[in-house]
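Peer 1: Take a look at this one; I'll ask things after.
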Amino acid sequence: GTGSVRVQQGFFEQTRRCPDCGGAGRLNPQDCRDCGGTGYAEVDQAVRVEVPPGVTSGTRLRLQGEGQDGSGGAPSGDLYVVVEVRPHPLFEREDEDLVTEVPITFAQAALGAQVEVPTLEGVVRMRIPAGSQSGRVFRLKGKGFPSMDGRVRGDQRVRVVVETPSALTQQEQQLYEELAELEARRPPGERLATYLQRLHDYYG
C-alpha cells in the first residue's frame, strides 16, 4: 500500500517504485465505468437547506461536509449556497422594513376608513384618518423582517394612494359636479393656497 518495494542486492537494500501499481499504492485491474479509474463519480444529489429568517439576496449559506470528496481519504469540502430572493407581488423590502402600497378611494381619503392591509402574518385592518393625502405613509410596528442575528425586527410601512375613478355612473357624475361647486365656494386648502400664491408671485 506504500507504492514502493524493497529490493535486496547483496549487502544493500534499496527501495524502488512498485512496478505493479506505478507508485500509486493500489491496483486497478479494471477501470470503473462510473469514475474512469479516478475514484470519483459525478452524481446529482438534492440537499435540504435550512434558510434562516431575514436573509437577503447574495447571502451565502455554508453546508459543512457537503462539498466535493477529499482526495486520499481527506475530508469532504463544504458547499456554499447563494440565496436569491424572488420579488413579491404585494411587498417590497428596504433593509428590515417591509413596504406596501394600498389604494384607497376619494371618499375614504376624505372621510377616513378602515382598510385591509396584507402583512407577513396575514391581513390586518388599519385606520385611515379623515383628510389623508395620497402618498401618506403609515407605520405598523414590528411587522417587517427580522434581522439575521434575531435582535431586532423592522416595521411595515403602508403607503396609501388615492385612486381616481376612470369611469363614473350618471349618479356619481352628478355628485362630483355638486362637490366641485361646493369646493369652488370654499377657501382653498393649504397646499392649493400656497401653489396659487407662488403662481401669482411668479407671473405677477
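Take the sequence shown: its letters are residues 844 to 1047, numbered as in the numbering used here. Here a beta-carbon is modelled for each residue, glycine too, at the ideal position from N, C-alpha and C.
Distance, Cα to Cα, Val926 vs Lys984?
Peer 2: Indexing the sequence shown from 1 puts residue 926 at position 83. Indexing the sequence shown from 1 puts residue 984 at position 141. Their backbone Cα atoms lie some 27 Å apart in a straight line.
Peer 1: Just the Cα atoms here: how many angstroms apart are Thr1012 and Gly955?
Peer 2: In the sequence shown, residue 1012 corresponds to position 169, counting from 1. In the sequence shown, residue 955 corresponds to position 112, counting from 1. Whole-angstrom Cα-Cα distance: 23 Å.
Peer 1: Please classify Leu941 as buried or exposed, where buried requires at least 16 other C-beta atoms within 10 Å of its C-beta.
Peer 2: Counted from its first residue, the sequence shown places residue 941 at position 98. Under this definition Leu941 is a buried residue.
Peer 1: Starting from Phe934, follow the beta strand (DSSP E) in both directions and report where the run begins and ends.
Peer 2: The residue labelled residue 934 in the question sits at position 91 within the sequence shown. Run containing Phe934: none; DSSP gives neither H nor E here.
Peer 1: Could you give the C-beta distance for Ala953 and Ala973, rounded to a whole number, given that I count them as a contact under 8 Å?
Peer 2: Taking the sequence shown and counting its residues from 1, the one referred to as residue 953 is at position 110. Taking the sequence shown and counting its residues from 1, the one referred to as residue 973 is at position 130. With 8 Å as the limit, Ala953 and Ala973 qualify as a contact, their Cβ atoms being about 7 Å apart.
Peer 1: Answer with buried or exposed for Gly993, where buried requires no fewer than 16 other C-beta atoms within 10 angstroms of its C-beta.
Peer 2: If you number the sequence shown from 1, residue 993 lands on position 150. Exposed: under 16 other Cβ atoms inside 10 Å.
Peer 1: Thr943: buried (16+ other C-beta within 10 angstroms of its C-beta) or exposed?
Peer 2: To locate residue 943, count along the sequence shown from 1; it is residue 100. Answer is buried; the Cβ neighbour count reaches 16.
Peer 1: DSSP three-state call for Ala950: helix, strand or coil?
Peer 2: Taking the first residue of the sequence shown as 1, we reach residue 950 at position 107. It is helical.
Peer 1: Between Arg979 and Thr948, what straight-line distance do the alpha-carbon atoms span, to the nearest angstrom?
Peer 2: In the sequence shown, residue 979 corresponds to position 136, counting from 1. In the sequence shown, residue 948 corresponds to position 105, counting from 1. Rounded to the nearest angstrom, the two C-alpha atoms are 14 Å apart.
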